[in-house]
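Just below is one structure, and these are the notes that go with it.
Numbering (our numbering), first residue to last: 186 to 280.
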């Protein structure tokens, strides 16, 4: 795999951020609003699942943290620094 492709994959927030969180994605399809953040919106299926105990708050927090970190890294103009940040956070793993 070429270095540029590796960089692009790891700094693209849409690239597999949701991998491993398919349950949350499935729940989010039942939210009232398509752009639901799952934080403050009423009729949020993800928050309802947390309240009902079918989704743990810890799992949701891990998803939200991973999503926010991916977005942060993708916005960095210096991709080398972005990769260094990911290595420090143990987010950079080569396949």
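C-beta: ideal position from N, C-alpha, C; glycine also. For clarity, every value in this text was computed on a predicted model and none was experimentally measured.
Can you give me the C-alpha to C-alpha distance between residue i and residue j, rounded to a whole angstrom?
i	j	result
residue 260	residue 246	21 Å
residue 214	residue 249	16 Å
residue 238	residue 256	28 Å
residue 254	residue 233	25 Å
residue 225	residue 218	12 Å
residue 263	residue 251	20 Å
residue 236	residue 242	9 Å
residue 281	residue 258	In the structure as shown, the chain begins at 186 and stops at 280. Residue 281 is therefore absent and cannot be evaluated.
residue 244	residue 267	25 Å
residue 223	residue 205	18 Å
residue 273	residue 265	12 Å
Return yes when the Cβ of residue j is within less than 8 Å of the Cβ of residue i, no when it is not.
i	j	result
residue 216	residue 228	yes
residue 212	residue 230	yes
Which residue marks the beginning of the alpha helix (DSSP H) containing residue i, and which one marks its end?
i	result
residue 244	242-259
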